[in-house]
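Some notes on the structure that comes next.
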Amino acid sequence: SSNNYDLVHAHARIPAFYCSTLCKKYDVRFVTTAHFKFSTSPLWRRLTNWGEKTFSVSEDISGYLLDNYNVHRDNIVYVPNGIDFDKFKYDSELRKETRKEIGAEKRKVVLNISRLTQPASICSIKILESAKEILKENQEYLFVFIGVGDDYPYIKEESEKINKEYGKTLVLTLGEKKDVVPYLCAADIFIGPSRAALESLSVGIPTLICGTNGYIGELTKDNYDVAESTNLCCNGCYESSVGNIVNGIKTISKKSKSEILELIRNQNDFIERYSIKRMVDIYESVYLKLDGIKLKSKANALMCGYYGYDNLGDEAMLSSFMSEVRNINKDINICVMTSNQKNTYNEHLVQTINRYNIFSIIKKIKETGHLIVGGGNLFQNKTSNRSLYYYLYIIKLAKKYGAKVIIYANGFGPLKDGKDRNVIEALKGADYISVREKSSYDFCVKNGIDAVLTADPVFLNEFTSRESFNSDYFVMVPHGIKSYEINDVCANIRTLQTKLCLTPVIVSLHDKQDAYLCQSISDRLGGKCQFMSQLGFGTLQDIIKSSAFVISNRYHAVVCAVMTDQIVVAMGDSKMRSIMKELGIIDCMFDSYDKIQQAVNYAMTNNRVIRTMYNSDKRTHVELAKRDVMNVLSIISQKN
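15 is the number of the first residue of the sequence shown in the numbering used here; add one for each residue after it.
Okay, here's the thing in structure tokens:
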């Protein structure tokens, strides 16, 4: 604690276990990197802490974290293994010197660099078995093994047997070498996985990507993504067999000079993804986002909303708001009322209290002097009066104890049975009100309530625009469809599916409400079902931007589609109609599923015009959302 560290980055589970405890005690931010699929026994799960952000070196490691640990998808950051291209580069003079040193002036050198301890050494042992097969036909090769470990004595002994059998050195076991660049330059073929393969690729040596868990072989544009997604460890690829390795060596050996140059060009295109600058930039961007965050300092405001229920839209609003707050002022500390304190803390890195602990709520209201009623349509009684009464009661408590009340990016309605009077009374006692839809703004104007028209906080998210390519699927985000309506809905979607030859991907934004509905539709249509409770908004963005179009009954799927330049058609209540109208795409609304084909046809036919409209609308909504956060912070910064 005396060194005043701002952040600790752990790279293994035991250091992470100790560091996480100390970081929590001293309010220091804590991150880890996941390099490997470790044991997932109950004890190890309990001891493992993946930090406030987890860097993953490949997509299969990310999947392992999601499947085996309670790591939220939006807290997993992909980072490539950075290679120092200045260090790992080809040197023709070094090649000549090293080849002379190992007695390989006129021979083909096949190189493997690895830890010779299982499971890593399994690949090296298979390469040694492959060497035996190759050398039966051709002794113009020299196989070189670099590395030490438990299996080094076995590999050395087997190598010496081969050399004795042929009466000359055909296999070299060089043990540990601190500098492997000379041997990479001397090689004609490299065989191995992961970082060793990346170093070989950086030098420009024809490389067979092969590991204990699988075999990719030569790099071509067709397998770039597979190689990257497994961090060149080949998980789930072809079997790492002696036969594959022998065939790979023979194939490269038969290539002409021009074919070798083409292979190396492919490798060079791929290796650009692994620059050390890219790796450092990713690390630094996350470090800067966490820099200066102190969770144990006094909270400046208490925030309530529908948090902790795995509703992707509400969680995305909170995430966007907190991110913008910290971009503006990291000294601002928000305490969030939630039904799941652990998940809300892990996902958003905020102070939390239980939303049903009235004593804690009163204490925080007195301590902070500010209540923020978070975004979304909280003021409605479409399903029941309970949640409406809850939020009205929290506002009443805040006013009772002299706190300023901020209604942030909210929506009103539908309100029935005269409950609009209760809402109007509560709103007139607020110190600041912003609403995210024109219909809610009109409600305020009609009832003499001073309000600001803003945009949904999710517009603050960083989005990547849609790439230009032909997708083989479309996205459907259903909500509010009755069980007796499902067959008719699926019949209309199936017609559209058949006509366009596309597969549906059914997405649940709130598993508690929509999981059964989504699974039922998916089962009937033969599509894929995605449940978002542990995947996060970043995954939704990726799914939507890569699709052909989106059919949505959920507000935030529309926002995500617009922000990624994706075509969207929608069906829903007044808030959906309001956002579609404000975005200039009201013609993409449909009021029944028998009109879905008409809506999709319109959207696809006019996609260029629609995307042009998106650009100006997005800028406007982003600016409104940013201004809204500034307004909220200016109130919080005022002394009571």
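The C-beta atom is built at its ideal place from N, Cα and C for all residues, glycine as well.
No experiment lies behind these values; they were computed from the predicted model shown.
Which listed residue (the options) has its alpha carbon closest to that of residue i
i      : options                           : result
Arg60  : Gly443, Ala30, Glu242 and Asp74   : Ala30
Trp64  : Ser72, Leu80 and Asp74            : Leu80
Lys67  : Asp74, Gly77 and Ala48            : Ala48
Thr358 : Val503, Asn424, Gly322 and Gly416 : Gly322
Asp431 : Ile421, Glu451, Val419 and Lys396 : Lys396
Tyr616 : Asn645, Phe563, Ser588 and His570 : Phe563
Asp525 : Val491, Gly541, Glu499 and Ile136 : Val491
Val437 : Lys51, Tyr403, Ile367 and Val459  : Tyr403
Asn258 : Lys595, Gly206, Lys308 and Tyr446 : Gly206
Ser255 : Ile141, Arg340 and Leu215         : Ile141
Tyr607 : Gly494, Ser453 and Glu179         : Gly494
Lys110 : Thr131, Asp41 and Leu198          : Leu198
Leu188 : Pro196, Gly161, Ala210 and Pro167 : Gly161
Lys414 : Ser138, Gln394, Gly388 and Ile379 : Ile379
Ser270 : Pro220, Tyr297 and Ser70          : Pro220
Ser485 : Glu637, Cys515 and Ile500         : Cys515
Thr226 : Glu213, Phe426 and Cys247         : Cys247
Pro94  : Ala241, Val217 and Glu151         : Ala241
Met351 : Ile342, Val614, Asn341 and Gly388 : Gly388
Glu213 : Gln365, Tyr288, Arg538 and Val472 : Tyr288
C-alpha gap between residue i and residue j, whole angstroms
i      : j      : result
Thr62  : Leu304 : 21 angstroms
Ile649 : Ser401 : 26 angstroms
Gln544 : Cys532 : 8 angstroms
His25  : Thr46  : 6 angstroms
Cys273 : Arg87  : The sequence as given places Glu at residue 273; Cys does not occur at that position. Straight-line Cα distance between these residues: approximately 42 angstroms.
Lys632 : Ser243 : 32 angstroms
Asn280 : Thr619 : 38 angstroms
Ala529 : Tyr569 : 17 angstroms
Lys175 : Tyr252 : 30 angstroms
Tyr498 : Ile610 : 18 angstroms
Lys39  : Leu309 : 11 angstroms
Leu12  : Ser267 : The question about residue 12 has no answer, for the chain in this structure spans 15 to 654.
Asp193 : Lys182 : 26 angstroms
Gly586 : His635 : 21 angstroms
Val294 : Tyr92  : 12 angstroms
Asn89  : Leu549 : 10 angstroms
Ala575 : Ile127 : 46 angstroms
Cys33  : Arg27  : 10 angstroms
Pro133 : Tyr166 : 13 angstroms
Supposed contact pair residue j and residue i - C-beta distance, whole angstroms, cut 8 angstroms
i      : j      : result
Thr578 : Gln555 : 6 angstroms
Ile624 : Ile599 : 6 angstroms
Ile375 : Ile420 : The Cβ separation is near 16 angstroms, so there is no contact.
Lys120 : Ile203 : Actually they do not touch by this definition, with Cβ atoms about 16 angstroms apart.
Leu392 : Asn354 : In fact, because the Cβ distance is near 18 angstroms, the residues do not count as touching under 8 angstroms.
First and last residue of the uninterrupted beta strand (DSSP E) at residue i
i      : result
Ala315 : Ala315 to Cys318
Phe473 : Taken as a continuous stretch (DSSP letters only), Phe473 belongs to no beta strand (DSSP E), as it is neither H nor E.
Lys235 : Looking at the DSSP string, Lys235 is not in any beta strand (DSSP E), and its letter there is neither H nor E.
Arg43  : Arg43 to Ala48
Counterpart residues of residue i in DSSP-defined beta bridges
i      : result
Ser34  : BP columns for Ser34 are empty, so no partner.
Thr352 : Asn368
Tyr415 : Bridge partners of Tyr415: none, in fact.
Ala584 : Ser566 and Met603
Pro518 : Phe488
Phe204 : Leu125 and Thr221
Gly228 : Gly225
Lys542 : Val519
Tyr92  : Ser70
Tyr166 : None; Tyr166 has no bridge partner.
Gly65  : Val45
Ala24  : Thr46
Thr187 : Phe159
Asn424 : Gly390 and Val449
Leu385 : Leu316 and Val419
Tyr252 : Tyr229
Leu467 : Val449
C-beta neighbour in chain D for residue i, strict 9 angstroms
i      : result
Leu332 : As a matter of chain content, chain D is missing from the structure shown, which is built from one protein chain.
Extent of the continuous alpha helix (DSSP H) to which residue i belongs
i      : result
Phe99  : Taken as a continuous stretch (DSSP letters only), Phe99 belongs to no alpha helix (DSSP H), as it is neither H nor E.
Leu108 : Ser106 to Glu115
Gly327 : Leu326 to Ile342
Thr634 : Asn621 to Ser651
Tyr498 : Segment: none, Tyr498 is in no alpha helix (DSSP H) and carries neither H nor E.
Asn282 : Lys271 to Ile285
Lys140 : Ala134 to Glu151
Arg435 : Asp434 to Lys442
Lys268 : That residue, Lys268, is in no alpha helix (DSSP H); it is neither H nor E in DSSP.
Tyr301 : Ile290 to Leu304
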